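Working notes, beginning with the structure itself.
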Amino acid sequence: MNRTRRWAILGHRGIVIGAVLCLALISGGLLTYRAAFVGGGPEAGPTSVMLALGLLIVYAAVGGVAGRATGLDFTTAVGEGTRIGAVIGAVWLVSHTIEVFADGTTLLSLLFFGTVFLLFGFAGLVGTRRTGRIGVGVLAAVWAAMSSSLILVIYGFLLAYLFIGRMAAIEAPDFARSGMHDAAAFTVANTTFSAGSHLLEAPAIAAGLGMIGSLAGRVCYFRRSAAMPSSRT
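Under the numbering used here, the residues of the sequence shown are numbered 1138 to 1370, in order.
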């Protein structure tokens, strides 16, 4: 079994496990802090909860379908997407840790976001460079976004639950404007809203940046293909 195949197996299993774990973390928070379901306004409320839960169900279903799919192109996309997604997930973890515990600056946050966006494009480049197919590159980028998003959401909820006092202090101004009376419930509601937003937006952004990277990968693929006959003569 080659490395790409191993990453692909890890990828589709990881998506299912990660989505189920996220569902458990969100559900546990909502059961413990029931006011979190109502939230503090149109953003953090029932709509955001249903969005997050619905997206996680979709993620789990996608991971399950991917586990039964075959084909070299699909394996390449999922394998490369998982591998690069793990790197992106590590970037997200560092970024979120600094944001929570070190009051990271806007400039530093922009640096982390820029790195993630470049990696989305790189995933597209790698997928297409290996196969010559733009669709493979775009799928690799989207898969990288999905896998890294689950890593961030799991970590985000763990931090929210373990350091709920710290999170409540950070979110105090928003809590004051929310009209809620339970700071812990507001933290859970706000974390759920952030999770749903990230799960929705990251794959969409990755698809666009992955397309750009895929176009570059297509050029590299054809250049390499054109150079191969001359290298054998």
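Ideal placement from N, C-alpha and C gives every residue a C-beta, glycine not left out. Note that this is a predicted model, so its numbers are computed, not measured.
For residue 1156, report the span of its alpha helix (DSSP H) as first-last.
Reading the sequence shown from its first residue, position 19 is the one you call residue 1156. Start and end: 1140-1169.
Flag residue 1281 as yes if its beta-carbon sits less than 8 Å from any beta-carbon of chain B, otherwise no.
Chain labels in this structure do not include chain B; a single protein chain is all it has.
Just how far apart, CA to CA, sit residue 1247 and residue 1209?
Walking along the sequence shown from the start, residue 1247 turns up at place 110. Walking along the sequence shown from the start, residue 1209 turns up at place 72. Between residue 1247 and residue 1209, the C-alpha separation is close to 36 Å.
Near residue 1236, which residues of its chain fall below 8 Å by C-beta distance, leaving aside the five closest residues on each side in sequence?
Taking the sequence shown and counting its residues from 1, the one referred to as residue 1236 is at position 99. 1246, listed in sequence order.
Compare the beta carbon distance of residue 1153 and residue 1214 with 8 Å and say whether it is the shorter of the two.
Residue 1153 sits at position 16 when you count from the first residue of the sequence shown. Residue 1214 sits at position 77 when you count from the first residue of the sequence shown. No. Outside cutoff.
Please look up how many angstroms separate the CB atoms of residue 1280 and residue 1222, rounded, as I've assumed it's under 8 Å.
For the purposes of this step, residue 1280 is identified with residue 143 of the sequence shown, where counting begins at 1. For the purposes of this step, residue 1222 is identified with residue 85 of the sequence shown, where counting begins at 1. About 6 Å separates the CB atoms of residue 1280 and residue 1222; that is less than 8 Å, so the two are in contact.
List the whole-angstrom C-beta distance separating residue 1254 from residue 1278, where the pair is believed to meet the contact cut-off of C-beta under 8 Å.
Position 117 of the sequence shown holds residue 1254. Position 141 of the sequence shown holds residue 1278. Actually they do not touch by this definition, with Cβ atoms about 10 Å apart.
Going by beta-carbon coordinates alone, are residue 1271 and residue 1351 separated by less than 8 Å?
Along the sequence shown, one-based indexing puts residue 1271 at 134. Along the sequence shown, one-based indexing puts residue 1351 at 214. Contact flag set, yes.
Tell me the start and end of each unbroken alpha helix (DSSP H) in the region 1279-1337 that is at least 4 residues and wholly inside, in chain order.
1301-1307 and 1309-1315
Distance check for residue 1167 and residue 1353, CA to CA, integer angstroms please.
For this step, residue 1353 is matched to residue 216 along the sequence shown. For this step, residue 1167 is matched to residue 30 along the sequence shown. Taking the straight line joining both Cα atoms gives about 45 Å.
One question on the structure: do residue 1284 and residue 1191 come within less than 8 Å of each other, judged by their Cβ atoms?
Within the sequence shown, the letter at position 147 stands for residue 1284. Within the sequence shown, the letter at position 54 stands for residue 1191. Going by C-beta atoms, residue 1284 is not nearer than 8 Å to residue 1191.
If distances are taken between C-alpha atoms only, which option among 1357, 1184 and 1227 comes closest to residue 1266?
As a first step, residue 1266 is located in the sequence shown; it is residue number 129 there, counting from the start. For residue 1266, the closest C-alpha among the options 1357, 1184 and 1227 is that of 1357.
Do residue 1189 and residue 1333 have their CB atoms nearer than 8 Å?
Here residue 1189 refers to the residue found at position 52 when the sequence shown is read from its first residue. Here residue 1333 refers to the residue found at position 196 when the sequence shown is read from its first residue. Their beta carbons are under 8 Å apart, which means residue 1189 touches residue 1333 by this criterion.
Can you tell which of 1328, 1361, 1300 and 1303 has the C-alpha that lies nearest to the C-alpha of residue 1268?
As a working mapping, residue 1268 is identified with position 131 in the sequence shown. The shortest C-alpha separation from residue 1268 is found at 1361.
Report all residues from its chain with a CB closer than 7 Å to the CB of residue 1422; omit the five preceding and five following residues, and keep chain order.
As displayed, the chain neither begins before 1138 nor continues past 1370, which places residue 1422 out of reach and without an answer.
Kindly indicate the opening and closing residues of the alpha helix (DSSP H) around residue 1251.
By 1-based counting over the sequence shown, the position of residue 1251 is 114. Counting along the chain, residue 1251 sits inside the alpha helix (DSSP H) bounded by residues 1243-1268.
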